[in-house]
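Each residue of the sequence shown is one higher than the one before, starting from 1 at the first, in the working numbering. Glycine included, every Cβ here is placed at the ideal spot set by N, Cα and C.
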Amino acid sequence: MYLFTLLGNLLIMATIWREHSLHTPMYLFLCALSISEILFTVAITPRMLVDMLSTHRSISFTACASQMFFSFTFGYTHSFLLMIMGYDCYVAICHPLRYNVLMSTRDCACLVSWAWAGGSIVGMMVTLIVFHLTFCGSNVIQHFLCHVFSLLKLTCGKETSALTMVVILVCVTALMGCLFLIVLSYVFIVATILRIPSAEGRHKTFSTCVSHLTIVIVHYGFASIIYLKPKGPHSMDSNTLMATTYTVFTPFLSPIIFSLRNKELKNAIKRSFHRTFCPVSS
(Lines of atoms letter the chains of each structure in order from A; the text may use other names.)
(Lines give C-alpha, C1' and ligand atoms only; values in the text may rest on other atoms or scores of the structure.)
Protein backbone atom coordinates (compact mmCIF):
# COMPACT_ATOMS: atom_id res chain seq x y z
CA MET A 1 0.00 0.00 0.00
CA TYR A 2 2.89 2.35 0.80
CA LEU A 3 4.55 1.77 -2.57
CA PHE A 4 1.23 1.95 -4.44
CA THR A 5 0.48 5.29 -2.78
CA LEU A 6 3.80 6.71 -3.95
CA LEU A 7 3.60 5.25 -7.46
CA GLY A 8 -0.08 6.12 -7.91
CA ASN A 9 0.36 9.77 -6.94
CA LEU A 10 3.59 10.04 -8.96
CA LEU A 11 1.71 8.66 -11.97
CA ILE A 12 -1.01 11.30 -11.56
CA MET A 13 1.60 14.07 -11.28
CA ALA A 14 3.56 12.82 -14.32
CA THR A 15 0.39 12.52 -16.40
CA ILE A 16 -0.75 16.04 -15.53
CA TRP A 17 2.73 17.36 -16.32
CA ARG A 18 2.89 15.65 -19.75
CA GLU A 19 -0.68 16.20 -20.92
CA HIS A 20 -1.24 19.83 -21.91
CA SER A 21 -5.00 19.24 -21.95
CA LEU A 22 -4.80 18.76 -18.17
CA HIS A 23 -3.09 22.10 -17.51
CA THR A 24 -6.22 23.51 -15.88
CA PRO A 25 -6.88 24.74 -12.32
CA MET A 26 -8.63 21.53 -11.25
CA TYR A 27 -5.65 19.36 -12.21
CA LEU A 28 -3.20 21.88 -10.75
CA PHE A 29 -4.97 21.43 -7.41
CA LEU A 30 -5.00 17.65 -7.92
CA CYS A 31 -1.24 17.72 -8.54
CA ALA A 32 -0.73 19.74 -5.34
CA LEU A 33 -2.92 17.24 -3.49
CA SER A 34 -0.78 14.35 -4.77
CA ILE A 35 2.36 16.15 -3.61
CA SER A 36 0.92 16.62 -0.11
CA GLU A 37 -0.08 12.94 0.05
CA ILE A 38 3.36 11.80 -1.10
CA LEU A 39 5.11 13.99 1.48
CA PHE A 40 2.67 12.90 4.20
CA THR A 41 3.27 9.23 3.34
CA VAL A 42 7.05 9.61 3.15
CA ALA A 43 7.18 11.53 6.45
CA ILE A 44 4.91 9.21 8.46
CA THR A 45 4.77 5.70 6.98
CA PRO A 46 8.48 4.70 7.15
CA ARG A 47 8.44 5.24 10.92
CA MET A 48 5.35 3.06 11.19
CA LEU A 49 7.01 0.33 9.13
CA VAL A 50 10.13 0.45 11.33
CA ASP A 51 7.99 0.16 14.46
CA MET A 52 6.13 -2.81 13.01
CA LEU A 53 9.42 -4.68 12.44
CA SER A 54 11.10 -3.62 15.67
CA THR A 55 10.65 -4.91 19.20
CA HIS A 56 12.23 -1.74 20.63
CA ARG A 57 9.77 1.06 19.86
CA SER A 58 11.37 3.99 21.65
CA ILE A 59 11.42 7.36 19.93
CA SER A 60 13.35 10.49 20.81
CA PHE A 61 11.78 13.79 21.81
CA THR A 62 12.96 15.46 18.59
CA ALA A 63 11.71 12.64 16.38
CA CYS A 64 8.32 12.69 18.07
CA ALA A 65 8.03 16.47 17.62
CA SER A 66 9.01 16.28 13.94
CA GLN A 67 6.58 13.40 13.38
CA MET A 68 3.74 15.43 14.87
CA PHE A 69 4.71 18.55 12.90
CA PHE A 70 4.76 16.73 9.54
CA SER A 71 1.55 14.88 10.36
CA PHE A 72 -0.36 18.08 11.13
CA THR A 73 1.25 20.11 8.33
CA PHE A 74 0.49 17.69 5.52
CA GLY A 75 -2.83 16.62 7.01
CA TYR A 76 -4.17 20.18 7.21
CA THR A 77 -2.64 21.12 3.85
CA HIS A 78 -4.67 18.21 2.48
CA SER A 79 -7.83 19.63 4.06
CA PHE A 80 -7.15 23.15 2.75
CA LEU A 81 -6.54 21.79 -0.77
CA LEU A 82 -9.81 19.85 -0.66
CA MET A 83 -11.55 23.08 0.34
CA ILE A 84 -9.95 24.91 -2.61
CA MET A 85 -10.97 22.12 -4.98
CA GLY A 86 -14.53 22.47 -3.71
CA TYR A 87 -14.37 26.20 -4.47
CA ASP A 88 -13.05 25.36 -7.95
CA CYS A 89 -16.06 23.09 -8.57
CA TYR A 90 -18.37 25.82 -7.31
CA VAL A 91 -16.93 28.45 -9.68
CA ALA A 92 -16.91 26.05 -12.66
CA ILE A 93 -20.58 25.09 -12.21
CA CYS A 94 -22.17 28.20 -10.70
CA HIS A 95 -20.14 30.89 -12.52
CA PRO A 96 -18.83 29.26 -15.72
CA LEU A 97 -18.60 32.54 -17.67
CA ARG A 98 -16.35 34.09 -15.01
CA TYR A 99 -14.26 30.95 -14.44
CA ASN A 100 -11.17 32.10 -16.36
CA VAL A 101 -11.19 35.40 -14.47
CA LEU A 102 -11.78 33.98 -10.99
CA MET A 103 -9.45 30.99 -11.45
CA SER A 104 -6.52 32.51 -13.31
CA THR A 105 -3.08 30.87 -13.13
CA ARG A 106 -1.87 33.48 -10.67
CA ASP A 107 -4.93 33.09 -8.43
CA CYS A 108 -4.59 29.30 -8.43
CA ALA A 109 -0.90 29.51 -7.52
CA CYS A 110 -1.79 31.87 -4.65
CA LEU A 111 -4.48 29.51 -3.39
CA VAL A 112 -2.08 26.56 -3.38
CA SER A 113 0.56 28.66 -1.62
CA TRP A 114 -1.94 29.73 1.03
CA ALA A 115 -2.96 26.09 1.55
CA TRP A 116 0.64 25.05 2.20
CA ALA A 117 1.27 28.09 4.38
CA GLY A 118 -1.90 27.40 6.39
CA GLY A 119 -0.96 23.75 6.92
CA SER A 120 2.55 24.71 8.04
CA ILE A 121 1.22 27.33 10.47
CA VAL A 122 -1.23 24.89 12.06
CA GLY A 123 1.45 22.19 12.29
CA MET A 124 3.98 24.54 13.87
CA MET A 125 1.42 26.04 16.26
CA VAL A 126 0.14 22.72 17.59
CA THR A 127 3.64 21.23 17.88
CA LEU A 128 5.03 24.23 19.77
CA ILE A 129 2.07 24.29 22.17
CA VAL A 130 2.23 20.56 22.94
CA PHE A 131 5.99 20.38 23.43
CA HIS A 132 6.08 23.46 25.66
CA LEU A 133 3.90 21.61 28.16
CA THR A 134 5.35 19.81 31.18
CA PHE A 135 5.47 16.02 30.92
CA CYS A 136 5.58 13.88 34.02
CA GLY A 137 5.05 10.30 35.06
CA SER A 138 5.11 7.64 32.37
CA ASN A 139 6.86 8.37 29.08
CA VAL A 140 5.01 5.60 27.23
CA ILE A 141 2.56 6.85 24.60
CA GLN A 142 -0.54 4.71 24.36
CA HIS A 143 -0.64 5.00 20.60
CA PHE A 144 1.19 3.78 17.55
CA LEU A 145 2.33 7.29 16.61
CA CYS A 146 3.09 10.52 18.44
CA HIS A 147 -0.61 11.23 18.51
CA VAL A 148 -1.49 14.62 19.99
CA PHE A 149 -4.21 13.44 22.37
CA SER A 150 -2.07 10.55 23.63
CA LEU A 151 0.72 13.03 24.34
CA LEU A 152 -1.63 15.38 26.16
CA LYS A 153 -2.51 12.56 28.57
CA LEU A 154 1.11 12.53 29.74
CA THR A 155 1.21 16.25 30.59
CA CYS A 156 0.81 17.83 33.99
CA GLY A 157 0.81 21.30 35.50
CA LYS A 158 -1.54 24.22 35.95
CA GLU A 159 -1.42 25.33 32.31
CA THR A 160 -2.28 21.89 30.90
CA SER A 161 -6.07 22.28 30.76
CA ALA A 162 -5.98 25.71 29.14
CA LEU A 163 -3.39 24.75 26.51
CA THR A 164 -5.19 21.49 25.80
CA MET A 165 -8.31 23.49 24.99
CA VAL A 166 -6.25 25.75 22.72
CA VAL A 167 -4.91 22.72 20.82
CA ILE A 168 -8.39 21.24 20.45
CA LEU A 169 -9.82 24.61 19.39
CA VAL A 170 -7.13 25.10 16.71
CA CYS A 171 -7.57 21.57 15.33
CA VAL A 172 -11.37 21.57 15.33
CA THR A 173 -11.71 25.11 13.99
CA ALA A 174 -9.43 24.44 11.02
CA LEU A 175 -11.02 21.10 10.14
CA MET A 176 -14.63 22.15 10.63
CA GLY A 177 -14.02 25.46 8.87
CA CYS A 178 -12.78 23.61 5.77
CA LEU A 179 -15.67 21.16 5.95
CA PHE A 180 -18.22 23.96 6.35
CA LEU A 181 -16.94 25.78 3.26
CA ILE A 182 -16.92 22.53 1.26
CA VAL A 183 -20.51 21.79 2.27
CA LEU A 184 -21.52 25.37 1.48
CA SER A 185 -19.95 25.05 -1.98
CA TYR A 186 -21.92 21.88 -2.66
CA VAL A 187 -25.15 23.49 -1.49
CA PHE A 188 -24.77 26.09 -4.24
CA ILE A 189 -23.59 23.43 -6.71
CA VAL A 190 -26.61 21.21 -6.09
CA ALA A 191 -28.95 24.20 -6.32
CA THR A 192 -27.46 25.10 -9.71
CA ILE A 193 -27.57 21.52 -10.98
CA LEU A 194 -31.24 21.15 -10.06
CA ARG A 195 -32.03 24.08 -12.35
CA ILE A 196 -30.62 22.22 -15.37
CA PRO A 197 -33.66 20.99 -17.36
CA SER A 198 -32.32 17.67 -18.73
CA ALA A 199 -31.44 14.66 -16.58
CA GLU A 200 -28.44 13.96 -18.80
CA GLY A 201 -27.16 17.50 -18.27
CA ARG A 202 -27.56 17.21 -14.51
CA HIS A 203 -25.74 13.87 -14.45
CA LYS A 204 -22.89 15.13 -16.65
CA THR A 205 -22.41 18.26 -14.55
CA PHE A 206 -22.48 16.47 -11.22
CA SER A 207 -20.09 13.75 -12.47
CA THR A 208 -17.31 16.36 -12.59
CA CYS A 209 -17.50 16.64 -8.78
CA VAL A 210 -17.85 12.95 -7.88
CA SER A 211 -14.13 12.25 -7.42
CA HIS A 212 -13.62 15.28 -5.18
CA LEU A 213 -16.75 14.55 -3.14
CA THR A 214 -15.67 10.93 -2.63
CA ILE A 215 -12.22 11.99 -1.39
CA VAL A 216 -13.83 14.49 1.01
CA ILE A 217 -16.07 11.77 2.46
CA VAL A 218 -13.14 9.35 2.83
CA HIS A 219 -10.84 11.99 4.36
CA TYR A 220 -13.32 13.32 6.91
CA GLY A 221 -14.83 9.90 7.54
CA PHE A 222 -11.52 8.38 8.62
CA ALA A 223 -10.58 11.55 10.51
CA SER A 224 -13.82 11.19 12.49
CA ILE A 225 -12.84 7.64 13.42
CA ILE A 226 -9.60 8.98 14.89
CA TYR A 227 -10.77 12.15 16.63
CA LEU A 228 -14.43 11.51 17.44
CA LYS A 229 -14.23 7.96 18.79
CA PRO A 230 -15.94 7.53 22.18
CA LYS A 231 -13.77 7.84 25.25
CA GLY A 232 -12.81 4.68 27.03
CA PRO A 233 -10.07 2.07 27.19
CA HIS A 234 -8.65 1.19 23.78
CA SER A 235 -6.04 -1.47 23.15
CA MET A 236 -2.77 -0.76 21.39
CA ASP A 237 -3.96 -2.93 18.50
CA SER A 238 -7.12 -0.85 18.00
CA ASN A 239 -5.10 2.38 18.07
CA THR A 240 -2.64 0.86 15.60
CA LEU A 241 -5.47 -0.14 13.26
CA MET A 242 -7.06 3.32 13.35
CA ALA A 243 -3.71 5.07 12.87
CA THR A 244 -2.88 2.84 9.91
CA THR A 245 -6.32 3.45 8.43
CA TYR A 246 -5.94 7.22 8.54
CA THR A 247 -2.25 7.58 7.64
CA VAL A 248 -1.94 4.83 5.02
CA PHE A 249 -5.36 3.86 3.70
CA THR A 250 -6.60 7.38 2.92
CA PRO A 251 -3.61 8.36 0.70
CA PHE A 252 -3.81 4.86 -0.81
CA LEU A 253 -7.40 5.41 -1.95
CA SER A 254 -6.91 8.86 -3.47
CA PRO A 255 -5.09 7.86 -6.71
CA ILE A 256 -7.54 4.98 -7.20
CA ILE A 257 -10.58 7.22 -6.83
CA PHE A 258 -9.27 9.98 -9.07
CA SER A 259 -8.00 7.53 -11.70
CA LEU A 260 -11.16 5.45 -11.90
CA ARG A 261 -13.81 8.15 -11.40
CA ASN A 262 -12.24 10.84 -13.58
CA LYS A 263 -12.69 9.88 -17.23
CA GLU A 264 -10.47 12.65 -18.57
CA LEU A 265 -7.58 11.70 -16.28
CA LYS A 266 -8.06 8.00 -17.02
CA ASN A 267 -7.89 8.63 -20.78
CA ALA A 268 -4.82 10.83 -20.32
CA ILE A 269 -3.05 8.03 -18.39
CA LYS A 270 -3.87 5.58 -21.20
CA ARG A 271 -2.51 8.00 -23.83
CA SER A 272 0.62 8.56 -21.79
CA PHE A 273 1.24 4.82 -21.47
CA HIS A 274 0.55 4.35 -25.18
CA ARG A 275 3.08 7.01 -26.19
CA THR A 276 5.68 5.63 -23.78
CA PHE A 277 5.45 1.94 -24.58
CA CYS A 278 4.05 1.99 -28.13
CA PRO A 279 5.69 5.03 -29.74
CA VAL A 280 5.80 3.48 -33.25
CA SER A 281 2.10 2.71 -33.50
CA SER A 282 1.13 6.14 -32.13
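Start and end residues, alpha helix (DSSP H) containing V167 | Run containing V167: 160-194, per the alpha helix (DSSP H) assignment.
Can you grab the Cα-Cα spacing for the pair T160 / W116, in whole Å?
-> 29 Å
Candidates L253, A32, M13, of which the one nearest S211 by Cα | L253
Around the C-beta of M13, are 16 or more other C-beta atoms found within 10 angstroms, so that it is buried, or is it exposed?
-> So M13 ends up on the buried side.
Close-in-space but distant-in-sequence residues of the same chain around T127 (CB under 8 Å, 5 per side omitted) | So the qualifying residues of the chain are A65, M68, F69, F72.
Nearest-angstrom beta carbon gap, I215 and L163 [assumed within contact, 8 Å] = With a Cβ gap of about 33 Å, L163 and I215 do not count as contacting.
Please name the residue in K266, V101, V248 whose C-alpha comes closest to that of A43.
-> V248
So C108 is in the alpha helix (DSSP H); what residue range does that whole segment cover?
-> 105-130
Would you mind stating whether L154 and F135 have Cβ atoms separated by less than 8 Å?
-> yes
Return helix, strand or coil for T24, following the three-state DSSP convention.
-> coil
Under 8 Å between C-beta atoms of T40 and H78 = A small correction: the amino acid at residue 40 is Phe; Thr does not occupy that position in the sequence shown. In this structure, H78 lies closer than 8 Å to F40 by Cβ.
When DSSP labels each residue in this structure, what does T89 get in the three-state scheme?
-> Reading the sequence as shown, one finds Cys at residue 89 and not Thr. In the structure shown, C89 sits in a helix (DSSP, three-state: H, G or I).
Got a sec, what are the start and stop residues for the alpha helix (DSSP H) S198 sits in?
-> Counting along the chain, S198 falls outside any alpha helix (DSSP H), and DSSP gives it neither H nor E.
Can you tell me whether A32 is buried or exposed, with buried defined as 16 or more other CB within 10 angstroms of its CB?
-> buried
With a threshold of 7 Å, establish whether the CB of A109 neighbours any heavy atom of the ligand ATP.
-> Because no ligand of any kind appears in the structure shown, any question about the ligand ATP cannot be addressed here.
Going by CA-CA distance only, name the one from Y220, E264, M165 that's closest to Y76.
-> Y220
Relative to the alpha-carbon of V183, which residue among Y87, G8, I38, L3 has its alpha-carbon at the smallest distance?
-> Y87
Taking DSSP as the reference, what is the three-state secondary structure of C156?
-> Of the three classes helix, strand and coil, the one that applies to C156 here is strand, per DSSP.
From which residue to which residue does the alpha helix (DSSP H) around T15 run?
-> 2-18
Excluding the 5 residues preceding and the 5 following I257 in the sequence, name in chain order all residues of the same chain whose CB lies nearer than 7 Å to its CB.
-> S211, T214, I215
According to DSSP, what are the bridge partners of F135?
-> T155
From the DSSP output, in three-state form, read off T208 for me.
-> coil
Do you know offhand how far Y90's Cα is from S185's?
-> 6 Å
Whose C-alpha, out of F222, K158, R18, D107, is nearest the C-alpha of A268?
-> Here the closest residue by C-alpha is R18.
Check S282 in the structure and name its three-state DSSP category.
-> Any reading at S282 needs caution, since the residue's pLDDT is 47, under 50, leaving its predicted position unreliable; the model's value is listed next. The answer is coil: DSSP assigns S282 none of H, G, I, E or B.
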